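S.K.: Starting off with a structure, shown below.
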Amino acid sequence: MNTNGQCEHTAGNTTPTCLPSPMRWSIKCSDVYFLKNPGLNMGWIGLYLNVKSPSQWSWSGGANATRIDYVSFNPSVGRYMIWKENGLYSSLLDYGFFCFNLMVDEVKKTWEEALEHCRETHTDLTSLNSETERRLALSEIQHDRITKRVRIGLRFLGDHWLWVDGDPLVYEAWPEGDQEHQCPLRKRCGALTKEGHWENWDCEEKLHFICY
0 MNTNGQCEHT AGNTTPTCLP SPMRWSIKCS DVYFLKNPGL NMGWIGLYLN
50 VKSPSQWSWS GGANATRIDY VSFNPSVGRY MIWKENGLYS SLLDYGFFCF
100 NLMVDEVKKT WEEALEHCRE THTDLTSLNS ETERRLALSE IQHDRITKRV
150 RIGLRFLGDH WLWVDGDPLV YEAWPEGDQE HQCPLRKRCG ALTKEGHWEN
200 WDCEEKLHFI CY
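In structure tokens form, the structure reads like this:
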């Protein structure tokens, strides 16, 4: 972890404090990590059993887990989980870990320009697959120099909204009662506002954006 509290792609013997949803760490983090570290086939993630609610799995970023598959939980070896290629397991041993870093780019670009920039210099325009990820992104854009809304990897194509990096749209943060995004005529690119809501926005307007 670096000094400003953001996680970096690295291995260590401590549990990271900011972790993503299951789809993000399995697809976005670990796959990239294995390319650089082919010997690493397991590691800590931010999933743990909440002692205040024994049946509730939570993420270290603060949100409850909404999608948990292939869990092997043994209370005698702790309530913190590691990821292996065939599932999730509780453990007390030392492992490497997986985490990700969100980067707000302060050069204003159209949605297509932002997508191209993220894919050339990082990985992609970010998706926000959980409340934890939304909170993390929101904390990164609370500066006067950042536009009131920022580009994210959300796009309306083929009569539905989708994440351009391929993540399933299992979590949504549209404002309550919002109807405009359901069948947008022009504003077909997603944005995250400083209030924490998603917006459908003009793809050609130049805004700051978030890569991962």
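In terms of numbering that gives the first Met the number 0, the sequence shown is residues 0 to 211.
Glycine included, every Cβ here is placed at the ideal spot set by N, Cα and C.
Everything numeric in this text was worked out from a predicted model, so none of it was measured.
1. Exposed or buried, which one is G182 when buried takes at least 16 other CB atoms within 10 Å?
2. Is the beta carbon of W110 closer than 8 Å to that of C210?
3. State the beta-bridge partners of E139 as determined by DSSP.
4. What does the Cβ neighbour count give for S126, buried or exposed, with the cut at 16 atoms within 10 Å?
5. To which residues does DSSP link E198 through a beta bridge?
6. Output the distance between the C-alpha atoms of K186 and V50, rounded to the nearest integer angstrom.
7. Measure the beta-carbon distance from V103 to V149 and round it to whole angstroms, keeping in mind my assumption that it falls under 8 Å.
8. Taking the beta strand (DSSP E) that R118 falls in, what are its first and last residues?
9. Hey, quick one: how far does the beta strand (DSSP E) through G165 stretch, first residue to last?
10. Taking E139 as the reference, which of L114, K193, L156 and W173 has the closest Cα?
11. So the candidates are P174, L191, E198 and I151; which of them puts its Cα closest to the Cα of C117?
12. Leaving out five residues on either side along the sequence, give the residues of the same chain with a beta carbon under 6 Å from the beta carbon of H180.
13. Just to confirm, are G189 and L153 a CB contact at a threshold of 8 Å?
14. Measuring CB to CB, does G42 end up less than 8 Å from W58?
15. Could you tell me if T120 is buried or exposed, where buried requires 16 or more neighbouring beta carbons within 10 angstroms of its beta carbon?
16. Determine the burial state of S129: buried for a count of at least 16 other Cβ atoms within 10 Å of its Cβ, exposed for fewer.
17. Strictly under 8 Å for the Cβ-Cβ distance: is D123 near chain B by that measure?
18. What is the rounded straight-line gap between the Cα of F208 and the Cα of L156?
19. DSSP three-state call for R133: helix, strand or coil?
20. Run through the DSSP bridge pairs and tell me what S57 is partnered with.
21. Tell me which residues share the same chain as W162 and place their Cβ nearer than 7 Å to its Cβ, disregarding the 5 neighbours each side in the sequence.
M.R.: Looking at the atomic coordinates:
1. It is Cys, not Gly, that sits at residue 182 in the sequence shown. Exposed: under 16 other Cβ atoms inside 10 Å.
2. Against a cut-off of 8 Å, the Cβ pair of W110 and C210 comes out as no contact.
3. BP columns for E139 are empty, so no partner.
4. Note on S126: 16 or more other CB atoms within 10 angstroms of its CB, so buried under the neighbour-count rule.
5. Answer by DSSP bridge pairing, in chain order: A190.
6. Cα-Cα distance, rounded: 44 Å.
7. That pair is a contact at about 7 Å.
8. Segment W110 to T120 is the alpha helix (DSSP H) holding R118; no beta strand (DSSP E) there.
9. Looking at the DSSP string, G165 is not in any beta strand (DSSP E), and its letter there is neither H nor E.
10. Minimum Cα distance to E139 is reached at K193.
11. Looking at the Cα atoms, I151 is the closest of the given residues.
12. For H180, where only same-chain residues beyond five positions count, the Cβ hits under 6 Å are W173 and N199.
13. In contact: G189 and L153 (Cβ atoms closer than 8 Å).
14. If you check the CB distance, G42 and W58 do not come in under 8 Å.
15. Exposed, since its Cβ has fewer than 16 Cβ neighbours within 10 Å.
16. So S129 counts as buried.
17. Annotation note: the requested chain B is absent from the structure, which comprises a single protein chain.
18. Cα atoms of F208 and L156: separation of roughly 20 Å, rounded to the nearest angstrom.
19. In this structure, R133 counts as helix in the three-state DSSP scheme.
20. As a beta-bridge residue in DSSP terms, S57 pairs with Y47 and N63.
21. Same-chain partners within the cutoff: S126, G152, L153 and L168.
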